[in-house]
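Sequential numbering of the sequence shown, starting at 737, is according to this note's numbering. All residues carry an ideal CB built from backbone N, CA and C; glycine is no exception. Keep in mind the model is a prediction, meaning the values are calculated, not measured. Here is the structure we will look at, set down as structure tokens.
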Amino acid sequence: MCRPHIGGHGNKAVSEQSMWRDEMYKVDVEKCTACETCVEICPTESISIVDGHAFIDVDECIECGSCAAECPEEAIMEVS
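Structure, rendered in structure tokens:
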């Protein structure tokens, strides 16, 4: 069973490793302005700008919350 990657990046399948892991953060593509604040703050370099908004690689994300805390548009939210 494959789920789409978080961040609204279409139907890109995730790896088997992340397939079993719940994503802790999601990107609201309507709010994201691609300012790259999250890209710069991410300690694991797991965020990139794709198609004009932030994209979180769940295989690399350590769920530290730095991106959500620093996003000036509040476009990255913790999933409850």
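- Looking at M813, E814, S816, A804, the one whose alpha-carbon comes closest to that of C774 is A804.
- Within the stretch 750-794, complete beta strand (DSSP E) segments of at least 3 residues are found at 761-763, 783-786, 789-792, given in chain order.
- Taking E806 as the centre and dropping the five residues before and after it, the same chain places the C-beta of T773, C774, I777 closer than 8 Å to its C-beta, in chain order.
- Taking every protein chain shown into account, the CB of D793 has 16 or more other CB atoms within 10 angstroms, so this residue is buried.
- The continuous beta strand (DSSP E) containing E814 extends over residues 812-814.
- Exposed is the label assigned to V815, since fewer than 16 other Cβ atoms lie within 10 Å of its Cβ.
- Looking at T780, E799, A811, the one whose alpha-carbon comes closest to that of E759 is E799.
- By the criterion of a C-beta distance shorter than 7 Å, S782 is surrounded in its chain by I792, D793, E796, C797, once the five residues flanking it on both sides are discounted.
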